[in-house]
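Each residue of the sequence shown is one higher than the one before, starting from 78 at the first, in my numbering.
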Amino acid sequence: MNRGVPPFLLPDADVVNARPWQLHQDTGTVPLPAFLADWDYSTDLRLTRDIQVDTVRALREAALPSRAPLLLVVEWTAAAAQTSDRASRTSVPDSAKVTVTADIRGACLGGALILTTRLVLGEDTPATDPFLAQHAGDVLYEDTARIELQGTAGRLPTYVVNFAEAGFDPDARWHVELPTSLSEPAMAAVRLYLNSADIEVVNAAKKAAAPTPVQQRILAWMESDLTSRLVEAALRPEWRETLHDYADDVDSIGASLAVLLRTLFPYESPPMLATMRDSDPGRFHSRLQGAQRRMRAHRDDDAVPPTV
Numbered sequence: 078m079n080r081g082v083p084p085f086l087l088p089d090a091d092v093v094n095a096r097p098w099q100l101h102q103d104t105g106t107v108p109l110p111a112f113l114a115d116w117d118y119s120t121d122l123r124l125t126r127d128i129q130v131d132t133v134r135a136l137r138e139a140a141l142p143s144r145a146p147l148l149l150v151v152e153w154t155a156a157a158a159q160t161s162d163r164a165s166r167t168s169v170p171d172s173a174k175v176t177v178t179a180d181i182r183g184a185c186l187g188g189a190l191i192l193t194t195r196l197v198l199g200e201d202t203p204a205t206d207p208f209l210a211q212h213a214g215d216v217l218y219e220d221t222a223r224i225e226l227q228g229t230a231g232r233l234p235t236y237v238v239n240f241a242e243a244g245f246d247p248d249a250r251w252h253v254e255l256p257t258s259l260s261e262p263a264m265a266a267v268r269l270y271l272n273s274a275d276i277e278v279v280n281a282a283k284k285a286a287a288p289t290p291v292q293q294r295i296l297a298w299m300e301s302d303l304t305s306r307l308v309e310a311a312l313r314p315e316w317r318e319t320l321h322d323y324a325d326d327v328d329s330i331g332a333s334l335a336v337l338l339r340t341l342f343p344y345e346s347p348p349m350l351a352t353m354r355d356s357d358p359g360r361f362h363s364r365l366q367g368a369q370r371r372m373r374a375h376r377d378d379d380a381v382p383p384t385v
């Protein structure tokens with residue numbers, strides 16, 4: 078990863094021998110793929126990688142004391158929600174192999190998962206030279222890995238049904254069923270029904286991992302409609318005042334809706350958004366349209382701020 082001109086002396090990158098990330102599944106361990114097609118929000122991830130650090134060289138080339146402590150820090154970022162957390166923080170023994178682990182709950186994820194591994198200084202190390210690492214958390218090495226966990230439209234519980242038989246409008250392309258309570262589990266609270274007669278929509282959903290340009294537009298349209306429906310639900314009078322009560326219940330749809338509103342509108346509270354929608358619906362919906370475009374654009378932003 079290109080970080081520009083470093084603020085202090087760094088060791089060569091080859092002082093760290095980092096093996097590829099491994100994904101642990103019921104059937105065994107496999108190399109972490111670029112796209113995990115069968116993932117959904119009920120699937121937690123367990124990831125490991127083996128790393129060996131030549132600590133003697135690393136400290137010498139960074140002009141640090143020979144006994145300065147080093148740490149390996151792993152951080153994950155869910156690009157869709159733009160949330161990050163530390164997965165592990167491990168002391169580095171002298172040139173020994175270390176296995177670092179990232180256990181991540183599926184309910185916290187969505188879109189792309191970015192894993193960042195850093196070799197950092199473990200504690201403050203006073204230095205007379207301002208161009209030497211000296212503060213705990215100063216980064217001596219960094220690499221990132223990215224895995225796509227879902228297609229554009231997400232991995233909601235999705236059903237292909239005959240709309241005429243199900244009682245839906247037979248000319249509708251999809252139908253979204255929203256929860257009745259904020260305490261419902263997020264991974265099952267929202268259901269997406271696709272019209273079996275609309276082959277174009279059904280095929281787009283099936284090919285969400287690698288859609289054609291036309292299918293990509295259909296999925297973006299579907300996602301935009303779904304997001305708008307979720308925002309409208311979150312701003313219901315009986316919900317908007319209590320969303321914050323579900324912050325600690327990370328598996329709930331209430332927590333997911335709160336994250337969605339913060340992502341789309343980081344500077345407005347739910348009551349403020351409801352007032353905007355009621356007083357000027359046209360302006361509110363254009364704001365929502367712009368916020369969704371920005372959210373989609375940010376999914377491709379690999380920048381991950383360090384957390385030590």
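For each residue, glycine too, the CB sits at the ideal point set by N, CA and C.
Taking a contact as a CB-CB distance under 8 Å, the pair Trp153 and Ile181 counts as one, their CB atoms being some 6 Å apart. For the 9 Å CB-CB criterion, Ala204 and Ala210 form a contact. Leu296 and Glu254 have their C-alpha atoms some 17 Å from each other. Here the alpha carbon of Met353 sits roughly 21 Å from the alpha carbon of Gly331. Membership of Thr202 in any beta strand (DSSP E) is not indicated, and neither H nor E is assigned to it by DSSP. The C-beta distance from Gly199 to Leu148 rounds to 5 Å, short enough to fall under 8 Å. Here DSSP, grouped into helix, strand and coil, assigns Lys174 to strand. The DSSP-derived three-state label of Leu100 is strand. Residue burial is scored here from C-beta neighbours: Asn239 has fewer than 16 other C-beta atoms within 10 angstroms and is therefore classed as exposed. Within the DSSP secondary-structure output, Trp298 pairs in no beta bridge. Short of 6 Å from the beta carbon of Arg223, and not among the five residues preceding or following it, lie these beta carbons of its own chain, in chain order: Ala189 and Ile191. Glu219 has Arg195 as its beta-bridge partners, per DSSP. The criterion of a C-beta distance shorter than 9 Å is not satisfied by Ala285 and Arg317.
In the structure shown, the three-state DSSP call for Arg370 is helix. Secondary structure note for Ala164: its beta strand (DSSP E) is the uninterrupted segment Thr160 to Ser168. For Val279, the enclosing alpha helix (DSSP H) covers residues Ile276 to Lys283. With distances taken between CA atoms, Val177 lies nearest to Leu100 out of Leu113, Leu100, Pro142 and Ala135.
Exclusion of the five residues before and after His252 leaves Phe245 and Tyr270 as the residues of its chain whose Cβ lies within less than 6 Å of its Cβ.
Counting along the chain, the unbroken alpha helix (DSSP H) around Ala241 starts and ends at Phe240 to Ala243. Excluding five sequence positions before and after Ala139, the CB atoms of its chain that fall closer than 8 Å to its own CB belong to Phe85, Leu86, Leu87, Pro88, Leu209, Ala210 and Leu217, given in chain order. Within 10 angstroms of the beta-carbon of Gln292 lie 16 or more other beta-carbons, which makes it buried.
When Gly359, Ser346 and Thr340 are compared, the shortest CA-CA separation from Ala374 is found for Thr340. Distance from the CA atom of Gln102 to the CA atom of Leu124, rounded to whole angstroms, is 9 Å. Counting along the chain, Glu254 sits inside the beta strand (DSSP E) bounded by residues Trp251 to Glu254.
In this model, Lys283 and Thr235 are separated by some 10 Å (Cα to Cα). Residue burial is scored here from C-beta neighbours: Ser168 has fewer than 16 other C-beta atoms within 10 angstroms and is therefore classed as exposed. The shortest CA-to-CA distance from Leu226 to any of Gly105, Pro348 and Ala287 is the one to Ala287. Taking the Cβ atoms as the reference, Pro347 lies roughly 6 Å from Leu320, within the contact range of under 8 Å.
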